[in-house]
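Per this note's numbering, residue 849 is the first one in the sequence shown, and the count goes up by one each step. Where is the CB? At the ideal position from N, CA and C, for every residue including glycine. Source: prediction; values computed, not measured. Input: a single structure, listed below in structure tokens.
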Amino acid sequence: MEQAHVWPSTKAENMDPDKVSIWPRMEPFLLGALQVAPSSKLSLHYLRKMATYVRTRDGCFPSLAWPMWRHIACGKLQLSEELAWLYFETFDLFTSHSPEDRLEWAECLSQCSSKIELDQQRNKMSVDTLQFLLFLHIQQLNRVSLRNSLIGEEWPSHRTRSPCPSEREAKTSSQNKNWDDQAHLSFVQSHLVELLELLVEPDQLSESGMVPRDCQISLEAVRSLGLLLEGSVHPDRAVQPVYRLLSKGPLQTHAGYSALSHSFPLHQLISCLQHNLTLNPFGMTSCLRSGKKLAWAQQVEGAMKRAKIARNTHMAPAGSKMVLMSQVCKQTLAKTSDKMTGANIKIHRCSDAFIYLLSPLRSVSVDKCRDCTVVLGPVETSVHVHCCQNVRLVCVAGRVVIGASSRCTLHAMTPTRPLLLPGSADITLGPFHTFYPSLEDHMASVGLAVVPNMWDQPLLLGTDPVKPSANPEPACYCLLPPEEFHMLVVPFHIKGDTCEVPGGLAPHYQAALDDKQKRIQKWQKTVMEAQLNKEQKAKFQELVEAKFHEWLLETGHRQELDSLIPPSATSPQVSNGAPADEPAANNITYIKTGALGQSPMAC
């Protein structure tokens, strides 16, 4: 049975009990649209040709297998095989699969010992053909427009309206269109006719390949629109797939649905959708305006006054749950909570902060942050770092993407190649190097395994997305030298059984840790053999501690340790004084630092 998710009613809605709202779903744009200008080979002209081709070839419809897409992408569209796989894998990553299926697929890939075996395994994959066509078309979301690049914003049109203050706030805090629900609505409104024409069967096209006005679209084809659209009828406000709204109830007549032919006249379907399209009630605009505040432990008095942390997880359907964190500065923020499980997280404009979000998450975006450490629980789909400086990210994720960022360090465990977009420089890639007690349980819940792990095999997309960069600039990225490798300790007590890094470390990194441990043991032996008297030991201890504190100040770790001091307040607060979640939702406790000189984080 489908779970009903409702959204607050308004006076305008109550005046029109049969009013139907249809809106763009967030996830296809957030997770599916690559944040890079698309290849010209994915223009409408070529997608129309592809739509005809796949309907007239065996093995292409209703499911498109990887070998056929590779043939179309490489042979017809002249894309590289790497880019063809990137699109195919991206679509598969955010579509529905059970954790068990994902773990089984990871097991199969881990047993491939050659490219031939890997290709044989990939050949078993297929995607929904019509939904994949729609997915390819929404890559135009991030198309660079000469008009926009000159004036900075969209020109006015009859499809757009002046945003209210809360909507302007959402757009200002978003900038990249993948999170911008206003941009999603504008895109669907502007491209609705093109999207529907891709669903028309080839035998209804004219000799010149044009779509006649009186053609029909089948109900099965309209089902594929569920990738992009959903909606509700206002009396019950339960979220429903768009095909169900169009084929039953108030919209059936308006959309022209025929129960005999199980189809819609194209012109009526377009008119019906245009009339009922509206902003996503579970989008970022709504979350900023009316979302609940998320509680956290406040360590430093007054440091969180500018911070804004809100969520809609109490009322949004799966795929639309989000938590927005903005302007967390000079603070440690730690959270593990069911309220974050399965949510899309945006961390925006944070600085000099240490952020631990130790729950299984759907996706994470780290946007316009600087001088931060971000440690995440397993992320089912993707982690995207955008316009950041000097950010250290530690995560297990389905995919990691870095764009327009510099001096960032990524410690990742991921079954896909990290994606480096244009504008990135001085990126360091290192192995995943931490754990917390419930990590492996969280990984299993989102279908992430320890193998395959491709953290050290990045894919670089240049300004020309047709072919990934074969010879990237040397300064673009480097692998972390083993001699600079250290473990990261999560400084909180959490219940669970994981007591080491899942899957272990690569031999050369483990060897570097072993060498450091030997040097510590040698130092301890030297001190013992020195046979210092009590006075000498006290003086020696004083010198070591002074040197250690000097190092803490030079590296900035003093702030990190100070921010780990547990709060004295008995209940969590939020920056604007609004009611917060119950403290029981946050089951993190702090590890006491113990004797002077002991640090909870070995950096």
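Check the Cα spacing between A1273 and each of V1233, L1296 and W1303: the tightest is with V1233. A residue is called buried when at least 16 other Cβ atoms come within 10 angstroms of its Cβ; T1101 does not meet this threshold and is exposed. Under the 10 Å beta carbon count, I1368 is surrounded by fewer than 16 other beta carbons and is classified as exposed. For N1124, the uninterrupted alpha helix (DSSP H) segment begins and ends at L1114 to N1124.
Short of 7 angstroms from the beta carbon of P947, and not among the five residues preceding or following it, lie these beta carbons of its own chain, in chain order: A1292, S1293, V1294 and G1295. Nearest neighbour of F936 by Cα position, chosen from L951, S958, C956 and S911, turns out to be S911. Look at I1203 here: in three-state DSSP terms it is strand.
The alpha carbon of G1344 has as its nearest neighbour, out of L1206, F1202, H1281 and E1383, the alpha carbon of L1206.
Here V1059 carries a coil assignment [DSSP, helix/strand/coil]. Between T1126 and S869, the CB-CB gap stays under 7 angstroms. Linking T943 to K1366 through their CA atoms gives a straight-line distance of about 48 angstroms.
In this structure T1161 is in contact with V1171, their Cβ atoms being roughly 7 angstroms apart against a cut-off of 8 angstroms. Residue pairing by DSSP places M1170 opposite N1192 in a beta bridge. In the pairwise beta carbon analysis, the region 1031–1039 is classified as not touching the region 893–905: fewer than three pairs are separated by under 8 angstroms. For M1291, the enclosing alpha helix (DSSP H) starts and ends at L1287 to V1294.
Measuring C-alpha to C-alpha distances from K1194 to each of D976, C1120 and K1156 identifies K1156 as the nearest.
DSSP places L934 inside the alpha helix (DSSP H), whose first and last residues are E929 to F942.
In the three-state DSSP reduction, H1032 falls in the helix class (H, G or I). Here S1185 is buried. Its C-beta has 16 or more other C-beta atoms within 10 Å. Comparing alpha carbon positions, the residue from E1408, G1310, S888 and K1216 closest to V1337 is E1408.
DSSP links M1261 through a beta bridge to V1244. As the crow flies, the alpha-carbon of H1341 is around 17 angstroms from that of P1208. DSSP, reduced to helix, strand and coil, places A1107 outside both helices and strands of the structure shown, so it counts as coil.
For A881, there is no enclosing beta strand (DSSP E), since its DSSP letter is neither H nor E. D1363: member of the alpha helix (DSSP H) spanning P1355 to E1377, first to last residue. Contact between the region 1220–1229 and the region 1238–1255 is present, with at least three C-beta pairs closer than 8 angstroms. The continuous stretches of alpha helix (DSSP H) do not include C1217, and DSSP gives it neither H nor E. Looking at the DSSP output, T900 shares a beta bridge with no other residue. S1138 and P1129 have their alpha carbons spaced roughly 10 angstroms apart. It is roughly 8 angstroms from the alpha-carbon of V1070 to the alpha-carbon of L1047. Annotation: R1061 to H1110 spans about 18 angstroms, alpha carbon to alpha carbon. The three-state reading of DSSP puts T1101 in helix, counting H, G and I together. Here R873 carries a coil assignment [DSSP, helix/strand/coil].
Pairing A881 with N1026 gives a Cβ-Cβ distance under 7 angstroms. In this structure, A1360 lies near P1330, with their beta-carbon atoms less than 7 angstroms apart.
Counting along the chain, the unbroken alpha helix (DSSP H) around P915 starts and ends at W914 to R918.
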